[in-house]
Ligand code: NDP
């Protein structure tokens, strides 16, 4: 029996995208600026193709300019870097996103470091990562930003709450922990070497799971009433052979204990793309010396 409130990320993201769309229209009408998002996809990975298609479609729906660059799987690294150089200099492009993963001949760090930090809407550039870690003003990675918005909406002031972030990747776990620290939570980052993971999780008022392990977090790992944010996207086999997506949290057992929980799909995923559009809008405002919408 589900007892927890289901945090509807899909609906929240729809509202956010509509609001972003209104800001985009105002920006164009008042300042003749159309935010532009450039997405680079290398290779034919089916999941990446779906992500890129969704990002481009939602950018167009928000009436942003969307530029897509599809490069073959065998493309040499220099060609990718050349394209980024060109986009860095293009005034119609305010945000550049390189869809990961990249093929082995292309060094992801070199590619990310080549993006102009003020156009790095993924927030992965070391300057932006450093700004987040030191309390500065930079681009915040989209997935943790989306998680934070959902948390703030549900909890309001999070000061003093115990937060556990499961996972320490540069794109989710670490920036999520920095954001929660910025909200004055007491933050623990857990990972594959953490001893007694379940016990760490049971202390959490806020539990963010970003490990990439299907249904790893069970209800008995969760403090009664906790807010659970499930970042994981894992494809599992089903008897009919079609497969389905599940999170890192075992939804049914967790929902019987938690106070609120995000579903998969329909939780964090839609927020990630909405925050990408938000970062593109902010980047456009900053690059034109205009105030960033509140
Ligand atoms: P990574 O593989 O980069 O990082 C996974 C982290 O989980 C690592 O820190 C790893 O620890 C830790 N981990 C792995 N296994 C265990 C375990 N058994 N016990 C404890 N910790 C473990 O993944 P990402 O951060 O990129 O992504 C995490 C999940 O989030 C994935 O399912 C991904 O698909 C999803 N995702 C969803 C997004 C969305 O929009 N909803 C966006 C981005 C990611 P260690 O460092 O010690 O190896």
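In this note's numbering, the protein residues as written are 35 to 328. Each residue gets a CB set at the ideal place from its N, CA and C atoms; glycine is no exception.
### Query
Is it right to say residue 270 is buried, meaning 16 or more other beta carbons lie within 10 angstroms of its own, or is it exposed?
exposed
Within 10 Å of its beta-carbon, does residue 139 have 16 or more other beta-carbons around it, so buried, or fewer, so exposed?
exposed
Next item on the list: Quick one: which unbroken alpha helix (DSSP H) runs of 4-plus residues sit fully inside the segment 104 to 130? Chain order, please.
Entry: 111 to 123
With residue 102 and residue 145 assumed to form a contact (beta carbons below 8 angstroms), what rounded beta-carbon distance in angstroms separates them?
Not confirmed; about 17 angstroms, so no contact.
Report the three-state DSSP secondary structure of residue 194 (helix, strand or coil).
coil
Q: Can you grab the Cα-Cα spacing for the pair residue 258 / residue 299, in whole Å?
A: 23 angstroms
Practice problem: Could you tell me whether the segment 248 to 258 touches the segment 287 to 298, where touching means 3 or more Cβ pairs closer than 8 angstroms? | Solution: yes
Exercise. Please work out which residues of its chain come closer than 8 angstroms, Cβ to Cβ, to residue 218, disregarding the five sequence neighbours upstream and downstream, and give them in chain order.
Key: 192, 193 and 194
Mind checking whether residue 201 and residue 305 have CB atoms under 8 angstroms apart? no
Check: From the beta carbon of residue 133, is the nearest beta carbon of chain D less than 8 angstroms away?
Finding: Within the model displayed, chain D is absent; a lone protein chain is all it includes.
task = Just tell me which of 78, 134, 128 and 85 has its CA closest to the CA of residue 108.
result = 78
Exercise for the section: Kindly indicate which residue of 82, 100 and 59 has the alpha-carbon position closest to the one of residue 90. Expected result: 100
Practice prompt. Kindly give me the distance between the Cβ atoms of residue 161 and residue 172, rounded to whole angstroms, as I take these residues to be in contact under 8 angstroms.
Written response: 7 angstroms
query = Out of curiosity, what's the CA-to-CA distance linking residue 69 and residue 206?
reply = 25 angstroms
For this session: Keeping to the same chain, check which residues put their C-beta closer than 8 angstroms to that of residue 151; ignore five residues upstream and five downstream.
Result: 159, 161, 162, 172 and 173
Closer than 7 angstroms: is that where the CB of residue 202 sits relative to any heavy atom of the ligand NDP?
yes
### Task
Work out the CA separation of residue 147 and residue 165 for me, nearest whole Å.
15 angstroms
(request) Take residue 279 as the anchor and find which of 260, 246, 295 and 308 has the nearest alpha-carbon. (result) 246
Under DSSP, the alpha helix (DSSP H) around residue 236 begins and ends at which residues? 231 to 236
To the nearest angstrom, report how far apart residue 321 and residue 315 are at their CA atoms. 10 angstroms
Inter-residue spacing [alpha-carbon to alpha-carbon] between residue 216 and residue 169:
7 angstroms
query = Between residue 235 and residue 213, what straight-line distance do the alpha-carbon atoms span, to the nearest angstrom?
reply = 18 angstroms
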